[in-house]
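Protein chains in written order, with the working numbering: chain Z, 6 to 375; chain E, 6 to 375.
2 protein chains.
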Amino acid sequence: MPKYLLYVGYLDGDFTGKEAGDVDSSVGLHRVLEPAGVLPQAAWRLDARPGTGPDEVLIAVERLNLDAASFRQLREAHPGDGSAVRAEVLRIIAERGKMHNPVTGSGGMLIGTVERVGPDSPLGLRPGQRVASLVSLTLTPLAVSDGLAGWDGRGEQVPCRGHAILFARSAAAVLPDDLDPELALAVLDVCGAPALTTRLLARHRHDRDTPVSVAVLGAAGKSGALSLAAARRAGATRTVGVVPCEAERDRLVAAGLADAVVLADARQPVPLATAVTGALGGPADLTVVCVDVPGCEHGAILATAPGGTVLFFSMATSFTAAALGAEGLAADVTMLIGNGFVPGHAEQALALVRQQPAVRHLIEARMAAD
Amino acid sequence: MPKYLLYVGYLDGDFTGKEAGDVDSSVGLHRVLEPAGVLPQAAWRLDARPGTGPDEVLIAVERLNLDAASFRQLREAHPGDGSAVRAEVLRIIAERGKMHNPVTGSGGMLIGTVERVGPDSPLGLRPGQRVASLVSLTLTPLAVSDGLAGWDGRGEQVPCRGHAILFARSAAAVLPDDLDPELALAVLDVCGAPALTTRLLARHRHDRDTPVSVAVLGAAGKSGALSLAAARRAGATRTVGVVPCEAERDRLVAAGLADAVVLADARQPVPLATAVTGALGGPADLTVVCVDVPGCEHGAILATAPGGTVLFFSMATSFTAAALGAEGLAADVTMLIGNGFVPGHAEQALALVRQQPAVRHLIEARMAAD
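So this is what it looks like as structure tokens:
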């Protein structure tokens, strides 16, 4: 690790720093107010002042995209009351210096325009570029200046004036010219899921040259639809999409992204496993969990073949439920925590949307419904 | 999945049943009282009555081994008050029909003697055998009959009279004659960790025939020591054990299980990563997290090489902290949820203890300290 700069004050809108040993400012440690020593994601409160350190990037924020689990929790905490949801989001951001839902532990992402780039930033960004952050809002210093006046508190996409900070060890994508920014943001928000699905199928083919079946839970959502499309492209022999209601079933059948579409509640393990097994002719070699409600761990495990893999991409996943559930079922499955960062993930997901109109239409329909 | 039996009543101490479709009693669904439809681990309350169904096994319980995270939480909730800890464990078991800590979500395991074996049980057990359950207490119907009178509430190992039920899809190990039962139980409790470590190293060698370095966090504990021994046996090129205090460092150095031993707080990501990187000459290819305190996710990710793997074997792991932490660090690491079930795991762990006196001594010292 490189030597780091300990930022000790502001000067002309920039942090000034001094060298101090072996710690790494690139991960944003200097922005952590409390508790000391943890990384920004684990911090309770960040310093969101707009001055930029030598390796930081300042973003003029335009829109937040709240994580689905977070928005769902906020909406359920304030049923039918959009202004209460808005007030709570404002309160969280003011209190924590970031949009980090303390109940779900999740955040979301943002789009905006690059305003200033520190001379040592390795991200390759230039002022004036419109970008989407590819790191979570749970670790991104953020301040809001318009009271979220343009948002009614009723959807995940939040028009927003304010600023945010990107660190050196971070990730951002320049928004493509050929796609609507809201669509691009929605896709980039979940681009880790199709990328990891692709990687797992490639690994399966490398390890064993056998047919591979894939089940996607929550298949009509953004990450689910992209994962289904990625699975088919990466050579899945047979795919099933699981959805919770008839409207989603009809939409997914019309999209033609899966070989089979079944209706099941992913929180009911035995009916879920029965449905998946029936559709695939056996349990799935890879099960991708994209459902944003708690309690889907056991069903996913039960629906997966011995030696198979469960990829948890839902922020509502419980670590202990998964670990103890697999053990308790004597289930020899590999369980992966969905990592939102996979090299090339943004480009791959945008390519899927460009090349497969069905994916694009599903995501647009989902955005319209939110 | 086979057809299942819906147990509708007791007769001569046995459940009686009738066939009812495609659901599976082998996972213990018929023992779930609330909420309906979830598996026993996810249930709030189980039916722990001693009657056995045709595929169940009744165990006369002798000792519980509380999960480390669970016991730590109980002890911290009642500092210095062993009888309050005991009362709370009794309350949990009476209320839930299982020892499932509602705060940590974790349980532990048990030893006892096989009392009755249903005619359709596939576990291969016989009445009179002394066994350890290899599935978590969080899903094992359990009733206590002695008020835990033999336990002072001050250690993880709980002498206990009562009974428990094993399902068909379950796992149990007959206790070996040549090892002290307390030692065997302590080893079997964590036997998934060395088994999964071994499997990951084998996979690494299969995928890439390159040197592989391993870091174990919490290396002087039971699962940590076993994982270190397993890593070396499975061909790790270099290993480092991370411990939080000088006493553990001295013990681990004396055991000679790791190529290097370093002192670091796994909750402090940057110092941890610096220590691991210094000891291994670079970040770890595989990091095994065996620390039973929350907040170790980011350090583990930061200590792991791009393309490497983090194996989370601590029940204190937060799914969201891991998922968002890796994304936020733009860290291309594979993150695994430690699955306590790996075929052959019990035999492998017991063999490590038999063949490596240093592992045995470390675990015995740990048990004495608890």
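Note that the Cβ used here is the ideal one computed from N, Cα and C, for glycine as well.
Cutoff 7 Å; reference Z/Val108; Cβ partners in own chain excluding five residues on either side: Gln78
Given E/Glu302 as reference, the closest of E/Ser319, E/Ala327, E/Gly313, E/Pro288 once Cα atoms are compared: E/Ala327
Z/Gly26 (DSSP reduced to helix, strand or coil): Any reading at Z/Gly26 needs caution, since the residue's pLDDT is 31, under 50, leaving its predicted position unreliable; the model's value is listed next. In the structure shown, Z/Gly26 sits in coil (DSSP, three-state: anything other than H, G, I, E or B).
Through-space distance from Z/Val275 to E/Val28, alpha-carbon basis: Residue placement at E/Val28 is flagged as unreliable, the pLDDT there being 41, under the threshold of 50; a coordinate-derived value is accordingly withheld.
Whole-angstrom C-beta distance between E/Ala53 and E/Ala148, which should lie under 8 Å: 5 Å
Supposed close pair E/Val338, E/Ile306 - CB separation, criterion 8 Å: 6 Å
Where Z/Gln46 falls, given that 16 or more other Cβ within 10 Å makes a residue buried: buried
Length at least 3, wholly inside the stretch 130 to 167 of chain E: the beta strand (DSSP E) runs in chain order: 135 to 138, 147 to 149
CB contact check: E/Pro146 to chain Z, cutoff 8 Å: no
Range of the contiguous beta strand (DSSP E) that encloses E/Asp290: 289 to 294
Own chain, CB closer than 7 Å to E/Arg80, minus 5 neighbours either side, in chain order: Val90
Assigned secondary structure, Z/Gly117 (DSSP; H/G/I helix, E/B strand, else coil): strand
Proximal residues to E/Ala310 (C-beta, below 6 Å), its chain only, five neighbours per side dropped: Pro288, Asp290
Contact with chain E by Z/Val43, beta-carbon distance below 8 Å: yes
Exposure label - Z/Arg243; buried when at least 16 CB within 10 Å: buried
Chain-ordered neighbours of E/Asp337 on chain Z, where CB pairs are closer than 8 Å: Asn344, Phe346, Val347, Pro348
Stretch-stretch touch, CB-based, cutoff 8 Å, three pairs: the stretch 317 to 325 of chain Z with the stretch 155 to 164 of chain Z: no
C-beta neighbour in chain Z for E/Glu352, strict 8 Å: no
Whole-Å CB distance - Z/Ala351 paired with Z/Leu193, under 8 Å assumed: 6 Å
Residue-level contact to chain E via CB, Z/Gly22, 8 Å cutoff: Since pLDDT at Z/Gly22 reaches only 34, below the 50 mark, its modelled position is unreliable, and the value read off the structure follows with that caveat. No, Z/Gly22 does not count as interfacial toward chain E.
Element boundaries [alpha helix (DSSP H), containing Z/Val90]: 87 to 101
Proximity winner among Z/Pro132, Z/Gly223, Z/Ala252, Z/Val219, relative to Z/Arg238 (alpha-carbon distances): Z/Val219
CB contact check: Z/Met104 to chain E, cutoff 8 Å: no
Where E/Leu16 falls: helix, strand or coil (DSSP): Because the pLDDT at E/Leu16 is just 27, under 50, the model does not fix this residue reliably, and the point stays unresolved.
Uninterrupted alpha helix (DSSP H) stretches inside the stretch 193 to 244 of chain E (no shorter than 4 residues): 197 to 212, 227 to 238
Chain E contacts made by the stretch 136 to 170 of chain Z, where a contact means CB separation under 7 Å: Val140, Ser141, Thr143, Leu144
Exposure label - E/Asp185; buried when at least 16 CB within 10 Å: exposed
Where Z/Ala376 sits in the DSSP three-state scheme: Absent from the model: residue 376 of chain Z. The displayed extent of chain Z is 6 to 375, so no value can be given.
Outcome for Z/Ala308 when other beta-carbon atoms lying within 10 angstroms are tallied against a minimum of 16: buried
Supposed contact pair E/Asp60 and E/Gly123 - C-beta distance, whole angstroms, cut 8 Å: 5 Å
Sub-8 Å separation of E/Cys165 and E/Arg36 beta-carbons: no
Exposure of E/Ala176, with buried meaning 16 or more beta-carbon neighbours within 10 Å: buried
Any chain E beta carbon closer than 8 Å to Z/Arg174: yes
Exposed unless 16 or more other CB atoms sit within 10 angstroms - verdict on E/Glu332: buried
Coil, strand or helix - E/Arg359 by DSSP: helix
Amino acids of chain E, ordered along the chain, whose beta-carbon sits closer than 9 Å to that of Z/Thr203: Per Cβ cutoff of 9 Å: no residues; Z/Thr203 is ~14 Å from chain E at best.
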